[in-house]
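Remarks on the structure that follows.
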Amino acid sequence: LVAFGLGGSTRVGIIAFACLWPILLNTIDGVVEINQTVIDTARAYRVGGARRLFYVTLPAVGPRIASACRISIVIALLAMVISETVAASSGLGFLLVSTVNNFEIDTMWACIVALGLLGMLLNAALTLVERTQLRWYTESQKGAE
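Here the sequence shown is numbered in the numbering used here, starting from 39 and rising by one per residue.
Okay, structure coming up:
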């Protein structure tokens, strides 16, 4: 905030920076833990470069990226509220703090419910994307239960 000011792009940057780390670290961990047999098979079939990335690595790491995105949704909502309470004159976080300071309990609860609904909506959207893009993984998990 000190370096970049109080603008909207700064808030977006803070949220993106906070969400970057769970996704990056989970992706790195997933790539490191790819089964060596899968890598050897791709090498035996001379799959390299972009084809290896799109047909071997990303499908193997996809479930970890999806779980990291779920974590990042929570972090994004928290970072949004915190950045709006500290460095904004509008937004849901600012409204929440101003209603608490003015003892407007009904509006405060409306903000809390709106944040909860926003979280549920984002989670439902991510679940839909996960079911379509990782169909093979979600179907294999149903059989394991």
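We put the beta carbon where it would ideally sit given N, CA and C, even for glycine.
Beta-carbon spacing of residue i, residue j below 9 angstroms
{"i": "Ala152", "j": "Leu130", "result": "yes"}
{"i": "Tyr93", "j": "Ala80", "result": "yes"}
{"i": "Ser121", "j": "Ile61", "result": "no"}
{"i": "Ala126", "j": "Arg49", "result": "yes"}
{"i": "Ile53", "j": "Met118", "result": "yes"}
{"i": "Ala98", "j": "Val124", "result": "no"}
Residues near residue i in its chain [Cβ-Cβ closer than 8 angstroms; skip 5 each side]
{"i": "Ile150", "result": "Leu134"}
{"i": "Arg84", "result": "none"}
{"i": "Arg173", "result": "none"}
Rounded straight-line distance, which links the Cα of residue j to that of residue i
{"i": "Ala148", "j": "Leu155", "result": "10 angstroms"}
{"i": "Asn73", "j": "Thr95", "result": "10 angstroms"}
{"i": "Asp78", "j": "Arg90", "result": "11 angstroms"}
{"i": "Met146", "j": "Phe55", "result": "28 angstroms"}
{"i": "Asp4", "j": "Trp59", "result": "What the structure shows of the chain is the stretch from 39 to 183, and residue 4 is not part of that stretch, so it cannot be assessed."}
{"i": "Phe141", "j": "Ser128", "result": "18 angstroms"}
{"i": "Ser47", "j": "Ser178", "result": "41 angstroms"}
{"i": "Ile66", "j": "Leu160", "result": "24 angstroms"}
Whole-number beta carbon distance between residue j and residue i, since they are thought to touch under 8 angstroms
{"i": "Tyr175", "j": "Gly100", "result": "7 angstroms"}
Same chain, Cβ closer than 7 angstroms to residue i, neighbours up to 5 away in sequence not counted
{"i": "Val69", "result": "Thr95, Val99"}
Practice item. Determine contact between the stretch 157-177 and the stretch 98-112, defined as no fewer than three beta-carbon pairs at a distance below 8 angstroms. Key: A contact exists between the stretch 157-177 and the stretch 98-112.
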